[in-house]
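Report on the structure given below.
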Amino acid sequence: MKILDRSWTEINLNNYLHNLNQLKKVLNPQTKIMQIVKADAYGHGALEIAKQAVKFGINYLGVANVEEGALLRYQNIKIPILILSPSIESEIEIILEYSLTVTISDFSFAKKLNDAMPIGKIQSVHINIDSGMGRSGVEISNAISFIKDILELKNLKIEGIFSHFAASESDQEFSLLQINRFVEIIKQINFKPQFVHISNSSGILYDFPSEINMIRLGLLSYGCYSNNNQKEYFNLKPVMSFKSRISSLKQIEKGNSIGYNRTFIAYRNLTYAILPIGYADGYDFLLSNKGFVSINGFKCPILGKISMDMIAVDITDISNCKIGDEVVLIGEINDLRVENIALLFNGSPYELLCQIGRRAKRYYFKNNKLIYTTSLARRDFISSDFSDKKLNRVIEAALNQRMQGSEISEIIYNNILKKFFYDRDKQIFYRKNFCHTIEFSNTNLSQNEHYYHTKTTLTFNKILQNDYFIVACANSSSILEKYLLRPDVEYRWLLDEHFALQENKFKITSVKINDFNLFHEAKMKDGCIEIYCSHNQLSKFIGKEVKFSISTETFYPKSSHQLSIFITEMTQGVDLSFIYPSTIEIVEPVPIFSGNIKFPKITKMKNKVTLKTNSEEWIFPNSGIVFSY
Ligand SMILES: *Cc1c(COP(=O)(O)O)cnc(C)c1O
52 MKILDRSWTE INLNNYLHNL NQLKKVLNPQ TKIMQIVKAD AYGHGALEIA
102 KQAVKFGINY LGVANVEEGA LLRYQNIKIP ILILSPSIES EIEIILEYSL
152 TVTISDFSFA KKLNDAMPIG KIQSVHINID SGMGRSGVEI SNAISFIKDI
202 LELKNLKIEG IFSHFAASES DQEFSLLQIN RFVEIIKQIN FKPQFVHISN
252 SSGILYDFPS EINMIRLGLL SYGCYSNNNQ KEYFNLKPVM SFKSRISSLK
302 QIEKGNSIGY NRTFIAYRNL TYAILPIGYA DGYDFLLSNK GFVSINGFKC
352 PILGKISMDM IAVDITDISN CKIGDEVVLI GEINDLRVEN IALLFNGSPY
402 ELLCQIGRRA KRYYFKNNKL IYTTSLARRD FISSDFSDKK LNRVIEAALN
452 QRMQGSEISE IIYNNILKKF FYDRDKQIFY RKNFCHTIEF SNTNLSQNEH
502 YYHTKTTLTF NKILQNDYFI VACANSSSIL EKYLLRPDVE YRWLLDEHFA
552 LQENKFKITS VKINDFNLFH EAKMKDGCIE IYCSHNQLSK FIGKEVKFSI
602 STETFYPKSS HQLSIFITEM TQGVDLSFIY PSTIEIVEPV PIFSGNIKFP
652 KITKMKNKVT LKTNSEEWIF PNSGIVFSY
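Here it is, written out as structure tokens:
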């Protein structure tokens, strides 16, 4: 397959697994591994990396914050996840909801977390000790008393204690000092936490005391050396490549300049190529006049300043260059390894990996086959536009991880179903096989000539909750709305506002549960007709699934020109029909569906429009269809 994008990243999952195998070789076989997937796995895509890591048998995942952790949970990653940075109070709810492990270095936060725990639940925490990094973590001098204080919080379990190196890739002496300080603390406490860890990937070659039993792998697992000495001990292959294509070819005579501020003056006649990427794509501005790319295997220097969206590269000495030729900007070719490119401008390979391909799609390869792609990021989502807090978090996190619309809706769909079925321990009420038919006909009564005579029939299955239920009819939507939330109301009808609320304008013609004809009685209550439906045999069926059948007769204003049927409850399988007289010429059905199907099947026949889903399909509340006529 030929990728035709302006630029793209390729993620080679075999290389990632190769790196894990190489790194595992130099580890003590007992040492557990935490794969760090923060910042969307250093730009590689947290989900795909996490999936491979799980398959490989990694013990733990590390993320930067709650959002990153929750997203992995939405995506069905089940292994333990540690939030490496300190969390804040407002995040406690999500931490609990998604079973994330938290880093503790502040007592007041720990206390709040402890107090927020539901009865009988214990939260795992890892205590962070600052052994010399000078960033987050409890100071060494306070560590012992801090651990003691945390032990007093009975709803927290100290599952781990950790620290973090300041310069493991370059300063062995200081790292050893950090190890000593840290292990001294571990020796002084009189219990053994399950996980004790200090090292990031660059410390992998150090000799660790037996107290330390886990390592946190980031950069090296993505195939980037942090020190040349490492090459003697293991071989790493870059996981990410960044590529583009030539978008135009140009020539310039000696003495003329290329790019902003004329920083490059041609020292000879040159042929050069324009590539459609710039610093906005994550190709660092500081590579201006310093970087180079590879075209057809040849090294081509960058000419002039990197622009926001374009760069120029010298191709004078390459024959047969064409528009559309593939260009490698970062990749497996030695000089183009991210650590070597970063060196050219004294930059950080971490940062370069995180920023590369901001505008690029990711293509995942395994065994030379494309297995998955992720789309471009959209970063203009404003969560306060939407009111549902939880859905916002899902959507926001998903967009930050560059998922496609269909993937986002799949996640939302699964989450709502999960919430609905698994996260509650009370009985669940939903409707099955919801069939609703509304039939208009012309009336022959002159006082009703502006209305269609309307028959409605409704059937569905549901677990019976009470020995009665209510059908409500009002001529004001604000009054009827109050009946939406009541669990004992099974049907609502909004009468035209010109009608006085009278029984002859809305009446039940038949109401049944299974084969029992129910007794029904209408009462006026605060601007609503409440029709109370019951039967003395019904109490026997409470808690059992029964079939409801409700038929009514009413009137519907011709001038409305639209009729809506709403799904107000969680429903599995719908069959909605609108039957109309031949005086109505055209009916346009507009479904508004939430759930997995957005566009259910609609059949138009003479005088009838039907919308039907298969009977397994879940439809969420606030779905419906509008028939405009
Ligand atoms: C990012 C991070 C790591 C991983 O570091 P690498 O140098 O990429 O291996 C490990 N531990 C902590 C606390 C981190 O924040």
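Using this note's numbering, you'd call the opening residue of the sequence shown number 52 and step up by one each time.
Don't be surprised by glycine CBs; every beta carbon is placed ideally from N, CA and C.
With a beta-carbon spacing of about 5 Å, residue 88 and residue 112 fall inside the 8 Å limit used to define contacts. Residues with their Cβ less than 5 Å from any non-hydrogen atom of ligand 1, running along the chain, are 87, 135, 215, 251, 252, 267, 269, 270. Here residue 413 is bridged, per DSSP, to 60, 425.
In this chain, the alpha helix (DSSP H) harbouring residue 196 covers 191 to 202. As a beta-bridge residue in DSSP terms, residue 345 pairs with 350, 379. As computed with DSSP, residue 570 is found in a beta bridge with 585. When secondary structure is reduced to three states using DSSP, residue 311 falls in the helix class. For residue 230, the enclosing alpha helix (DSSP H) has its first and last residue at 223 to 239. The C-beta distance from residue 269 to residue 93 rounds to 7 Å, short enough to meet the 8 Å contact threshold. In the three-state DSSP reduction, residue 319 falls in the coil class, being neither helix nor strand. Between residue 620 and residue 520, the C-beta gap is not smaller than 9 Å, which leaves the two residues out of contact. Under the DSSP assignment, residue 545 falls outside any alpha helix (DSSP H), being part of the beta strand (DSSP E) whose first and last residues are 540 to 545. Short of 7 Å from the beta carbon of residue 389, and not among the five residues preceding or following it, lie these beta carbons of its own chain, in chain order: 275, 289, 381, 400, 403, 404.
With contacts defined by Cβ atoms closer than 9 Å, residue 325 and residue 351 do not form a contacting pair. Cβ atoms of residue 564 and residue 625 stay farther apart than 8 Å, at about 20 Å. Comparing C-alpha distances from residue 336 to each of 318, 321, 359 shows the shortest one belongs to 359. Distance from the CA of residue 345 to the CA of residue 221, rounded to the nearest whole angstrom, comes to 30 Å. The secondary-structure analysis by DSSP pairs residue 626 across a beta bridge with 486, 663. DSSP places residue 158 inside the alpha helix (DSSP H), whose first and last residues are 158 to 167. Here residue 608 is bridged, per DSSP, to 502. The beta carbon of residue 502 lies closer than 8 Å to those of 494, 547, 606, 607, 608, 609 in the same chain, with the five residues before and after it left out.
A contact is defined here as three or more CB-CB pairs under 8 Å, and the stretch 533 to 547 fails this definition with respect to the stretch 632 to 651. Residue burial is scored here from C-beta neighbours: residue 650 has fewer than 16 other C-beta atoms within 10 angstroms and is therefore classed as exposed. Residue nearest to residue 293 within the set 156, 150, 378 is 378 (criterion: CA-CA distance). Nearest neighbour of residue 618 by Cα position, chosen from 585, 675, 589, 129, turns out to be 675. DSSP places residue 107 in the uninterrupted alpha helix (DSSP H) bounded by 97 to 107. Within the model, the alpha-carbon separation for residue 277 versus residue 341 is close to 21 Å.
From the listed residues 566, 286, 660, the smallest Cα separation to residue 68 is found for 286. Distance from the CA atom of residue 264 to the CA atom of residue 229, rounded to whole angstroms, is 16 Å. Cβ atoms of residue 187 and residue 219 stay farther apart than 8 Å, at about 17 Å.
Its Cα nearest to that of residue 339, the residue 355 stands out among 366, 355, 100.
Distance from the CA atom of residue 347 to the CA atom of residue 357, rounded to whole angstroms, is 22 Å.
Residues 491, 638, 658, 680 of the same chain have their beta carbon placed closer than 7 Å to that of residue 631, with the five preceding and five following residues left out of the count.
Excluding five sequence positions before and after residue 383, the CB atoms of its chain that fall closer than 6 Å to its own CB belong to 289, given in chain order. In the three-state scheme derived from DSSP, where H, G and I count as helix and E and B as strand, residue 647 is classed as coil. Inclusion of residue 585 and residue 561 in the CB contact set at 9 Å is not warranted, their separation being larger than that value.
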